[in-house]
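In UniProt numbering, the protein residues as written are 1 to 100.
Glycine included, each C-beta is placed from N, C-alpha and C at the ideal position.
Below you'll find the structure, written out as structure tokens, and then a few comments.
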């Protein structure tokens, strides 16, 4: 239907381009958390190649989930990663994923 409004919980019915700033912000946060997690877990080793993700779950639990309700997002990111939100991590993710 041409009058259909695209929503996040279902696909659009036609050729629609949606821009959601919060998706970009979420991507920036995720990339920065991923960078910090990989750095920390690399020190202790990981078994994700064998399908074991306990170390990843532990890192997220300790650094993010257990602290999430106690801090504003910028403070939580800083505590979890050791630096304020930094777009360089997102840029590196995009270069790695899509090339540049």
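Hey, residue 89 and residue 24: beta-carbon distance below 8 Å or not? No, Cβ-Cβ distance for residue 89 and residue 24 is not below 8 Å.
From residue 42 to residue 93, what does the alpha carbon distance come to, in whole angstroms? Taking the Cα positions, residue 42 is about 18 Å away from residue 93.
Unbroken stretches of the alpha helix (DSSP H), 4 residues or longer, contained in the stretch 24 to 68: Taking only runs of at least 4 residues, the alpha helix (DSSP H) segments lying wholly in the stretch 24 to 68 are 54 to 60.
Going by CA-CA distance only, name the one from 27, 58, 51 that's closest to residue 40. Minimum Cα distance to residue 40 is reached at 58.
Name the two residues that bound the continuous alpha helix (DSSP H) containing residue 76. Looking at the DSSP string, the run of the alpha helix (DSSP H) that includes residue 76 is 73 to 81.
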